[in-house]
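Notes for the one structure printed next.
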Amino acid sequence: MLKSYEYTEQSYSGMHLQDYLLRDKEIDIAKRFSEKYGHRGTWTENCPVCGRHAGKYFFTKWKVDYLYCKECASIYASCDHGLVKRYQKEEELLDLRRSSVFQEEITKRRMERWKEFLEWMQIRAFRFLGRNKGLAIADIGNRYRDYVKLIRESELCGAYRLVDSILEGMDGLDTGTENMEKGQADLVFYFDRMQQETALKERLSGISEWLGKSGLLVLETRAGSGFDILTLKEHNRKIYPYEHVVLPSVRGLVHLLEENNFRVLEITTPGVMDVHYVMEAKNLLDDSGLFVKFLMEADDSVLQEFQRFLQKNGMSSFVRVIAAKEN
Amino acid sequence: MQKKIRTVIIGMGRMGRTRYEAMRRHGGFEITAVCDSRMSLLERYPEHVYTEWKRCIDGEQPQTVVVCTVNAVIPDIVCYALERGCHVFAEKPPGRCAGDALRMKACLGKNGGQVLKFGFNHRYHYSIMEAKSLIDSGFLGEVVAARGVYGKAADLNRQEWRNNVELSGGGILIDQGIHMLDLLRYFVGDFTDIDGFTDHLVWKESVGEDTAFATMRTADGKVAVFHSSAIQWKHKFDLDLICTNGYIALNGLLTSTKSYGEERITYYKKDLERKNGKIGNPKEYTMCFDQDDSWSYEMDEFYGALTGKGGIKNGTVDDAVAVMRLIDTIYGKKNGIGAGVV
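Put into structure tokens, the structure is as follows:
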């Protein structure tokens with residue numbers, strides 16, 4: 012397996028990927044949902060990532076317990092999967108995420124990152140497929156209208172299909188349902204959805220069905236082995252039930268993919284926000300986090316260097332994988 | 035089930051052992067015998083053992099011969115094996131001069147149908163493969179210039195075959211610099227105009243040089259600067275590729291000793307619009323690698339060629355001739371660039 016680490020020189024300390032008001036609205040909906048329906052789990056579920064053992068108690072947030080897998084270091088919620096599915100269909104949340112104001116705010120803040128990603132993707136597609144234009148792309152769960160448009164209109168994309176997305180049926184959005192079938196995808200994009208999966212094996216098997224013979228899975232998710240997640244636990248504003256029920260570790264993710272007939276070509280943690288998230292919540296840390304508190308007092312250049320260290324060494328909580336289907 | 039290729043390895047020093055392990059890992063080679071003039075190196079192997087290479091080839095009648103001997107005898111073994119219908123994988127350098135490489139090429143031509151590959155494993159390092167893919171994708175435009183530095187800390191007075199020019203053909207240039215020259219050709223193209231020399235800057239008494247420099251230009255005006263050094267006093271690998279729309283830097287190289295540092299590739303696109311804030315400060319991307327699978331990839335390609343699943347793309351006999359001509363030119367020998375076919 013090629014294991015490469017990629018990092019960038021740029022500082023992201025002043026960057027916000029989402030408008031605070033809209034983010035707080037999303038969090039508020041999730042919190043009300045959890046407090047209304049949440050129940051304490053039994054802690055008996057095997058780790059959904061490696062499947063080996065039941066995890067150890069890690070923290071509780073909004074009445075939902077999160078467990079830590081001693082085998083693969085993934086984190087997951089001990090919860091009722093029916094509730095996760097119910098949360099995903101919560102009308103108030105869907106209406107907010109589909110709203111013009113939400114979509115426009117996201118576009119404003121993320122367009123440059125999306126463009127950067129597509130440029131990077133052209134390089135990686137050429138590296139592993141030997142071509143990077145006019146590819147067939149299945150895009151699983153994308154919930155950003157302008158990201159869909161950007162992908163569709165990019166040189167990278169020839170045929171496109173949006174799958175399992177809250178955007179399906181949205182007025183004026185061409186989701187490409189006509190021009191690609193299963194087994195034809197050169198690329199399957201699976202971004203930020205793994206953290207909500209209740210049946211990882213089934214999802215990966217579904218992805219396999221979309222992929223053509225030499226096709227590539229490009230996966231992005233929050234990693235439970237990342238700095239901000241392990242440091243902040245329940246104080247992490249970005250991690251909450253039932254939005255995040257499984258946070259695979261880097262090691263766990265490799266195991267999961269290999270167990271499900273994927274060959275990992277590269278796995279990187281190019282995240283840029285870990286330090287920023289910890290900085291935002293540093294006052295909530297208890298005395299066991301004294302070193303981190305001390306670190307957060309450092310000046311911007313030190314923190315940037317630390318973020319770079321996390322990126323380079325697979326310790327950021329944003330993980331990106333390119334994997335090929337084993338034939 | 036994978037087809038097994040009956041193989042013998044001639045020369046069981048460090049490279050022979052490396053190739054042996056790579057072929058075992060691959061699984062497609064049935065190593066029937068190993069050969070070395072030093073019996074002490076053969077005791078650990080369960081295969082048939084020989085101390086004379088001709089007897090090994092004649093006795094085993096292999097499909098493939100892997101040649102990992104000192105430079106001086108590589109051409110003789112390669113030609114002998116080709117003449118007996120064997121496929122051959124031979125270590126670099128392909129002999130001691132361009133004449134040796136041309137002799138092997140002529141032999142391959144006479145005995146058509148066989149596969150001949152030379153071991154230029156650097157082309158299969160991850161950073162090199164990434165750089166090649168970046169260039170071939172057109173993302174950074176065309177390579178117009180390159181700077182390559184490959185250096186180590188060598189004791190040229192030590193008693194070993196590398197320091198015996200009769201056996202090796204030269205000093206640091208033919209031993210290590212050859213890899214960098216091969217990479218410069220790989221990325222920039224065939225050089226037609228070369229200005230280079232070798233020198234003994236520190237090891238005044240040694241026969242082989244401790245330093246080689248060259249500036250080289252292709253017919254279409256691309257330029258490369260080359261420095262090979264046995265007196266770097268620290269292991270060093272740096273290759274800069276300047277492209278019409280960006281830049282690639284390769285620094286460090288993963289080897290078994292890890293002494294060349296972390297293997298990294300950094301690239302950036304030119305940013306004259308100052309998207310990243312300031313001019314001269316484009317956004318960089320760096321990839322670091324933690325594994326060297328070059329030996330395995332090299333064997334994969336060789337096996338693919340043996341089983342009809344692909345041709346030899348790297349380390350062809352033409353690559354061998356071209357790089358040896360560069361070396362002859364830098365040494366000031368007669369078979370260098372522009373000397374015509376010998």
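From first to last, the protein sequence lines stand for chains A and B. Just so you know, this note's numbering puts 315 at position 304 of the first sequence, and the rest follows in order with no gaps. Just so you know, this note's numbering puts 92 at position 58 of the second sequence, and the rest follows in order with no gaps. All C-beta atoms in this analysis are idealised placements derived from N, C-alpha and C, irrespective of residue type, glycine included. All of these numbers come straight from a predicted model, not from anything done at the bench.
Practice item. Check whether the Cβ of residue 143 (chain A) lies closer than 8 Å to any Cβ atom in chain B. Key: yes
Check your understanding: Is it the case that the CB of residue 74 (chain A) approaches a heavy atom of the ligand GDP more closely than 7 Å?
Key -> The ligand GDP is absent from the structure shown, which contains no ligands of any kind.
Check your understanding: Thinking C-alpha only, which one of B:307, B:287 and B:42 is nearest residue 183 (chain B)?
Key -> B:287
Check your understanding: Taking the Cβ atom as the reference point for each residue, do residue 102 (chain B) and residue 45 (chain B) lie within a distance shorter than 8 Å?
Key -> yes
Review point. For residue 280 (chain A) versus residue 223 (chain A), is the C-beta spacing smaller than 8 Å?
Key: no
Review point. If you compare alpha carbons, which of A:165, A:80, A:131 and A:35 is closest to residue 264 (chain A)?
Key: A:80
Review point. Any idea which residues DSSP pairs residue 67 (chain A) with across the strands?
Key: A:79
**Study point:** 8 Å contact criterion, which residue 157 (chain A) and residue 114 (chain A) should meet: CB distance rounded
**Key:** 7 Å
Point to revise | Nearest candidate by alpha-carbon position, reference residue 254 (chain B), set B:337, B:358 and B:176 | key: B:176
Check your understanding: Which term fits residue 249 (chain B), buried or exposed, when burial requires 16 or more other beta carbons within 10 angstroms of its beta carbon?
Key -> exposed
Review point. By a C-beta neighbour count over all protein chains shown, 10 Å radius and 16 as the cutoff for buried, is residue 270 (chain B) buried or exposed?
Key: buried
Check your understanding: Residues of chain A with a CB under 9 Å from the CB of residue 277 (chain B): which are they?
Key -> The contacting residues do not exist; residue 277 (chain B) stays about 13 Å from chain A at best.
Review point. Does the beta-carbon distance from residue 180 (chain B) to residue 258 (chain B) come in below 8 Å?
Key: yes
Review point. Count the other CB atoms within 10 Å of the CB of residue 228 (chain B); is the residue buried (16 or more) or exposed (fewer)?
Key: buried
Point to revise | Candidates B:345, B:56, B:359 and B:296: closest to residue 226 (chain B) by CA position | key: B:359
Exercise for review: Measure from the alpha carbon of residue 394 (chain B) to the alpha carbon of each residue in B:142, B:323 and B:279, then state which is nearest.
Suggested key: Outside the shown range of chain B (35 to 376) lies residue 394 (chain B), about which nothing can therefore be said.
Check your understanding: Rounded to a whole number of angstroms, what is the C-alpha to C-alpha distance between residue 50 (chain B) and residue 42 (chain B)?
Key -> 10 Å
Check your understanding: Can you give the Cα-Cα distance for residue 84 (chain B) and residue 117 (chain B), rounded to whole angstroms?
Key -> 20 Å
Practice item. Could you tell me which chain B residues have their CB closer than 7 Å to the CB of residue 323 (chain A), listed as they occur along the chain? Key: 322
Check your understanding: Going by beta carbon distance, what residues of the same chain come within less than 7 Å of residue 318 (chain A), once the five residues before and after it are set aside?
Key -> 283, 285 and 286
**Study point:** Complete runs of the alpha helix (DSSP H) confined to the stretch 131–198 of chain A [at least 4 residues]
**Key:** 156–164
Practice item. Give a yes or no on whether the minimum CB-CB distance between residue 307 (chain B) and chain A is below 8 Å. Key: no
Check your understanding: Hey, quick one: how far does the alpha helix (DSSP H) through residue 137 (chain B) stretch, first residue to last?
Key -> 132–144
Review point. Which word fits residue 313 (chain A), buried or exposed, when buried means at least 16 other C-beta atoms lie within 10 angstroms of its C-beta?
Key: exposed
Exercise for review: Please say whether residue 298 (chain B) and residue 277 (chain B) have beta carbons closer to each other than 8 Å?
Suggested key: no
Review point. Do the stretch 72–88 of chain A and the stretch 127–145 of chain A meet, that is, are 3 or more Cβ pairs less than 8 Å apart?
Key: no
Practice item. Taking 8 Å as the cut-off, decide whether the C-beta atoms of residue 125 (chain A) and residue 161 (chain A) are in contact. Key: yes
Exercise for review: Go through its chain and collect everything with a Cβ distance to residue 338 (chain A)'s Cβ below 7 Å, but skip five positions before and after it.
Suggested key: 224
Practice item. Measuring only between beta-carbons, confirm whether residue 120 (chain A) sits less than 8 Å from chain B. Key: no
Exercise for review: Can you tell me which of the three DSSP states residue 290 (chain B) falls into?
Suggested key: coil
Check your understanding: What's the call for residue 183 (chain A), buried or exposed, on a 16-neighbour Cβ count within 10 Å?
Key -> exposed
Review point. Within 8 Å (strictly less), CB to CB, does residue 168 (chain B) reach chain A?
Key: yes
Point to revise | Min CB distance residue 171 (chain B) to chain A below 8 Å | key: yes
Check your understanding: Skipping 5 residues on each side, what residues in its chain have a beta carbon closer than 7 Å to that of residue 72 (chain B)?
Key -> none
Check your understanding: So with Cβ pairs under 8 Å, would you call residue 335 (chain B) a contact of chain A?
Key -> no
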